[in-house]
Amino acid sequence: MNKENKQQLVTEMHEKLQRAQAVFLADFRGMNVGQATELRNELRKANVEFKVFKNTLLEIASEGTDKTGMTQYLSGPTAIALSYDDPVAAAKVLSKYAKDATVPFSLKAGILTGKPLNVADIQALADLPSREVLIAKMLGSMQAPASNFVRVLAAVPGGFVRALDQIRAQKAA
């Protein structure tokens with residue numbers, strides 16, 4: 001690969017690193033093409049790009065981005081997963097694959113909006129509920145005070161009506 005091709009690859013990766021919300025690094029030693037394709041397909045469903053990139057080129061591409069903290073983990077065979085939308089979905093897929101893999105696939109580290117993540121942080125991120133579930137829980141807790149307030153307001157006239165009904169029943173008897 002000549003210098004111009006390398007520069008073009010570095011420029012493309014730099015742009016991808018700037019766009020990505022989260023980046024995860026993994027050691028993919030021992031994976032064959034079929035296993036890598038299977039993992040890529042799972043990640044693609046979560047809008048995550050999975051690439052094998054040369055460490056030195058990746059280090060150059062990360063300069064000037066908030067992902068420069070990953071350079072300390074760039075040793076040995078390194079694959080990079082770039083999450084553009086939902087970092088939790090990417091962490092779920094990667095940690096599940098690392099847990100279930102028959103080959104020695106392991107996560108090295110990650111970066112989420114400029115903050116470094118170790119393997120335990122990535123696992124904690126993977127254990128979070130999905131974005132939709134979190135939004136539903138938040139909306140439910142936001143709606144609870146309003147619905148409780150409506151019930152209290154409805155109880156006052158309802159109690160008054162029941163009291164009037166009891167008085168009517170006593171006078172009728």
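In full-length UniProt numbering, the protein residues as written are 1 to 173.
We put the CB at the ideal spot given by N, CA and C, even for glycine.
Proximity to residue i [Cα-Cα], best of the options
i           : options      : result
residue 106 : 83, 114, 96  : 96
residue 60  : 91, 98, 71   : 71
residue 100 : 38, 81, 75   : 38
residue 115 : 154, 23, 159 : 23
Between the CA atoms of residue j and residue i - distance to the nearest angstrom
i           : j           : result
residue 104 : residue 32  : 11 Å
residue 170 : residue 146 : 37 Å
residue 141 : residue 57  : 47 Å
residue 84  : residue 138 : 23 Å
Min CB distance residue i to chain B below 8 Å
i           : result
residue 107 : In the displayed structure, chain B is absent; only one protein chain is listed.
Simplified DSSP assignment, three categories, for residue i
i           : result
residue 160 : helix
residue 69  : helix
residue 150 : helix
residue 15  : helix
residue 86  : coil
residue 106 : strand
residue 49  : strand
residue 57  : helix
residue 20  : coil
Beta carbon of residue i nearer than 8 Å to that of residue j
i          : j           : result
residue 48 : residue 93  : yes
residue 25 : residue 109 : yes
residue 27 : residue 78  : yes
(request) Would you list, in sequence order, the uninterrupted alpha helix (DSSP H) runs of no fewer than 4 residues that lie entirely inside the stretch 109-155? (result) Correct list: 119-127.
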